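Numbered according to the numbering used here, the sequence shown spans residues -12 to 394. Glycine included, each C-beta is placed from N, C-alpha and C at the ideal position. Being a predicted model, the structure only gives us computed values, none of them experimental. One structure below.
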Amino acid sequence: MKVITGGVTAPKGFQAAAAAAGIKYQDRKDMAMIVSEAPAVTAGTFTANVVQAAPVKWDKELVNQEKCARAVVVNAGIANACTGKEGMEYCRKTAETVEHSMGIPARQVLVASTGVIGMQLPMERLSAGIEAMVPKLNSSKKSAHEAACAIMTTDTKSKEAAVVLEIEGQTVTVGGMCKGSGMIHPNMCTMLSFITTDLAISKELLQEALREDVKDTYNMVSVDGDTSTNDTVLLLANGMAGNPEIVEKDENYRKFTEALHIVNTTLAKKMAGDGEGATALFETKVIHADTKEHAKILAKSVICSSLTKAAIYGHDANWGRILCALGYSGVNFEPDDIELFFQSKSGKIQIYKNGTAVDYSEEAATKILSDEEVTVLVDMKMGQEEAAAWGCDLTYDYVKINADYRS
-12 MKVITGGVTA
-2 PKGFQAAAAA
8 AGIKYQDRKD
18 MAMIVSEAPA
28 VTAGTFTANV
38 VQAAPVKWDK
48 ELVNQEKCAR
58 AVVVNAGIAN
68 ACTGKEGMEY
78 CRKTAETVEH
88 SMGIPARQVL
98 VASTGVIGMQ
108 LPMERLSAGI
118 EAMVPKLNSS
128 KKSAHEAACA
138 IMTTDTKSKE
148 AAVVLEIEGQ
158 TVTVGGMCKG
168 SGMIHPNMCT
178 MLSFITTDLA
188 ISKELLQEAL
198 REDVKDTYNM
208 VSVDGDTSTN
218 DTVLLLANGM
228 AGNPEIVEKD
238 ENYRKFTEAL
248 HIVNTTLAKK
258 MAGDGEGATA
268 LFETKVIHAD
278 TKEHAKILAK
288 SVICSSLTKA
298 AIYGHDANWG
308 RILCALGYSG
318 VNFEPDDIEL
328 FFQSKSGKIQ
338 IYKNGTAVDY
348 SEEAATKILS
358 DEEVTVLVDM
368 KMGQEEAAAW
378 GCDLTYDYVK
388 INADYRS
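Written as structure tokens, this is what we have:
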């Protein structure tokens, strides 16, 4: 298993392109396209919000009813959410534009949108964007990077990841890109994530692998407690690596799920660290919990605490807020038994033990909390299970960004 540079074009047979279509932004590329040379079996997971954008409904139907897809079209700036029958019609027209331009059946074209809710897409601009991207499609890292940049909204950084592994003597690659910065909360986020692989695998196992991994990656991210209308993760596997098709949960399946987990974890952490207005990635890792589920609940509770997030922004070792968040999580535990630590690249320091603060240096704690990646380590002393969750600090800029979002 090897982490490499690259994104959605790293696996064999995948191409990407980007275009400035003027959907909402007038000064940047705002559309992206991913195309597989061969039909790719497809899996997907989607928002838990009852209010679901038109692209979510379109993709859910295709993922559930069709075995394969060949293209994904993404726009930034307008979410195509709460847009009624017209919004669904725009999804169909988007797919038909690809069919007309490339000969790919409309039922093999997935779509995704991100941006302002309630606005209708300018369909003529979107169609022109597709026409502009088709001749630009290629498998270069540059094209993958441009696609990752084009799907950003309030993101400040593009987000890509890729991993190479070997299965049955064949080189298999898993690559991905995502966007997400605000309206992010467990059970998916304003998050669009697109994962590609040249692995040969059955649709059923591909869907199971994605569904299970999302629980420990994207669903462990929270920026602001808001679950979006547009959350989508799509996974396409075109089989061009040439490995024997994976049809059972054997060692080859395990290797793939490990690679998928690396890509998804990397992308999830990049989203958390790029939360709107954030200055730091804030991780909570719970160890020695009695059950996996309890570990996840406890970790989420801490990274979702506004008071704790504000303390991280202030580089303030206010451990009482962490203990409080653990206490209202719904998990029963003995507070006097647990231990708390802060850690970062600057070091590790214990702050709580035996029901009270330990004699620690506030200056050392502040230095640790001033780094760009900060971890709260919670030792529950109850068992052998563990989990991690990721968020970011809460800053003045979060309010500024969201107060001005539509203007």
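Beta-bridge partners of residue i, as assigned by DSSP
i, result
"phenylalanine 269", "Val361, Gly378"
"lysine 296", "Answer by DSSP bridge pairing: none, since lysine 296 is not bridged."
"phenylalanine 328", "Gln337, Leu364"
"lysine -11", "Val151"
"isoleucine 21", "Ala3, Val59"
"alanine 351", "According to DSSP, alanine 351 bridges with nothing at all."
"leucine 254", "Leucine 254 is not bridged to any residue."
Buried versus exposed, by CB contacts within 10 Å (16 or more), residue i
i, result
"aspartate 237", "exposed"
"isoleucine 309", "buried"
"glutamate 263", "buried"
"histidine 87", "exposed"
"serine 100", "buried"
"aspartate 323", "exposed"
"tyrosine 383", "exposed"
"alanine 25", "exposed"
"aspartate 261", "buried"
"proline -2", "buried"
"tyrosine 240", "buried"
"glycine 116", "buried"
"methionine 367", "buried"
"glutamate 349", "exposed"
"valine 22", "buried"
"threonine 143", "exposed"
"lysine 16", "buried"
"valine 37", "exposed"
"threonine 397", "It is not possible to answer for residue 397, since the shown part of the chain is limited to -12 through 394."
"aspartate 46", "buried"
"valine 201", "buried"
Residue i and residue j closer than 8 Å at C-beta
i, j, result
"serine 292", "alanine 312", "yes"
"glutamine 95", "alanine 56", "yes"
"alanine 40", "alanine 66", "yes"
"glycine -7", "alanine 131", "yes"
"alanine 149", "valine 159", "no"
"methionine 227", "leucine 124", "no"
"threonine 81", "leucine 113", "yes"
"threonine 271", "isoleucine 284", "no"
"alanine 137", "isoleucine 91", "no"
"lysine 296", "phenylalanine 269", "yes"
"isoleucine 338", "leucine 356", "no"
"glycine 167", "phenylalanine 181", "no"
"valine 85", "valine 60", "yes"
"valine 273", "alanine 265", "no"
"asparagine 217", "alanine 119", "no"
"asparagine 230", "leucine 186", "yes"
"leucine 108", "leucine 221", "no"
"lysine 279", "glutamate 372", "yes"
"methionine 89", "alanine 246", "no"
"threonine -4", "serine 127", "yes"
"threonine 319", "glycine 0", "Rather than threonine, the amino acid found at residue 319 in this sequence is asparagine. No; because the gap between Cβ atoms is not below 8 Å, this pair is not in contact."
"threonine 141", "leucine 179", "no"
"leucine 192", "isoleucine 233", "yes"
Local conformation of residue i per DSSP, three classes
i, result
"alanine 228", "coil"
"leucine 192", "helix"
"phenylalanine 320", "coil"
"histidine 275", "strand"
"leucine 108", "coil"
"alanine 99", "strand"
"isoleucine 91", "coil"
"asparagine 217", "coil"
"isoleucine 233", "strand"
"threonine 32", "strand"
"alanine 5", "strand"
"alanine -3", "coil"
"glutamate 373", "strand"
"threonine 204", "coil"
"serine 209", "coil"
"alanine 414", "The question about residue 414 has no answer, for the chain in this structure spans -12 to 394."
"aspartate 346", "coil"
"asparagine 239", "helix"
"alanine 27", "strand"
"asparagine 125", "strand"
"leucine 222", "strand"
Heavy atom of the ligand HEM within 7 Å of residue i beta-carbon
i, result
"alanine 30", "Because no ligand of any kind appears in the structure shown, any question about the ligand HEM cannot be addressed here."
Legend entry - Any beta strand (DSSP E) of 3 or more consecutive residues that is wholly inside the stretch 128 to 183: The qualifying runs are 146 to 154, 157 to 166.
Legend entry - Minimum length 3: unbroken beta strand (DSSP E) runs contained in the stretch 36 to 74: Those beta strand (DSSP E) runs which fall completely within the stretch 36 to 74 and span 3+ residues are 55 to 65.
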